[in-house]
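J.: If you count by the working numbering, then the sequence shown holds residues 754 to 916, one letter each, in order.
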Amino acid sequence: MRKIRITSMLKVMIVAALSSPIILAIPTAGVAVASPSIQPHALTPPPPPLEPSVNMLSSPNYIYQAEGTVTPGGGLTAVVNTITTTFSEMKSLQVDYRLERWTGSAWILYQSGSKKKTQTQTLNAQSKWTVITGYYYRVVSLHTADDGVKLETTTHISSNVLF
């Protein structure tokens, strides 16, 4: 009788020992994610403040709005958006934009894109690029409006974002 009791207890202990890692591995809540309040750590000193752009139009004939932005897209993704809007429909609108990374002493080209649209008043462009954390990024965009006779261009430099 004692042998049966020891065998039964041994079986229970073996089952418990084999089950415990499974029980301990089952999450009690959802998947843990990094806290959004944690600030990224910069690998370089911050870039100098943005100076007013000389290329901004003082009295535009065609271009009403010319802007580029860079925002975090989750994880290591940077989302670059540009918009070009004119007072009236143009023969073509074009935007050439580049994502630049701050090295600690200079802005360098990281990625670039371009988009062109004909017979329009508004041009939107978007790109998603993988970035390296710890660096500052900005977008420099060159917006061009063509009415078929004359070109008008303006450059926009976004504020910088630390990823």
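Don't be surprised by glycine CBs; every beta carbon is placed ideally from N, CA and C.
Taking the beta carbon of F840 as the centre, do at least 16 other beta carbons fall within 10 Å, making it buried, or is it exposed?
T.: Here the question's residue 840 lines up with position 87 in the sequence shown. Exposed, by the Cβ-count rule.
J.: Check L876 in the structure and name its three-state DSSP category.
T.: Your numbering for residue 876 matches position 123 in the sequence shown. The answer is strand: DSSP assigns L876 an E or B state.
J.: Can you check whether the C-beta of Q872 is within less than 7 angstroms of a C-beta belonging to chain B?
T.: The structure shown contains no chain B; it holds only a single protein chain.
J.: Does DSSP classify A831 as helix, strand or coil?
T.: Within the sequence shown, residue 831 is the residue found at index 78, counting from 1. Strand at A831.
J.: Below 7 angstroms CB to CB, which residues in the same chain sit around L796 once its five sequence neighbours on both sides are set aside?
T.: Here residue 796 refers to the residue found at position 43 of the sequence shown. Shown here for L796: same chain residues with a beta carbon closer than 7 angstroms to its own, the five before and five after excluded, namely G887 and Y888 in chain order.
J.: With a Cβ-Cβ cutoff of 7 angstroms, do S894 and V823 count as a contact?
T.: As a working mapping, residue 894 is identified with position 141 in the sequence shown. As a working mapping, residue 823 is identified with position 70 in the sequence shown. With respect to V823, S894 sits apart: the two C-beta atoms are not nearer than 7 angstroms.
J.: As an exercise, report each continuous beta strand (DSSP E) stretch of at least 3 residues that is fully enclosed by the region 839–890, in chain order.
T.: For the region 839–890, whole beta strand (DSSP E) runs of length 3 or above, ordered along the chain, are 860–883.
J.: Return the chain-ordered list of same chain residues with a C-beta closer than 7 angstroms to the C-beta of G857, the five sequence neighbours on each side being excluded.
T.: Locating residue 857 in the sequence shown gives position 104, counting from the first residue. Excluding residues within five positions, the ones whose Cβ falls inside 7 angstroms are T797 and P798.
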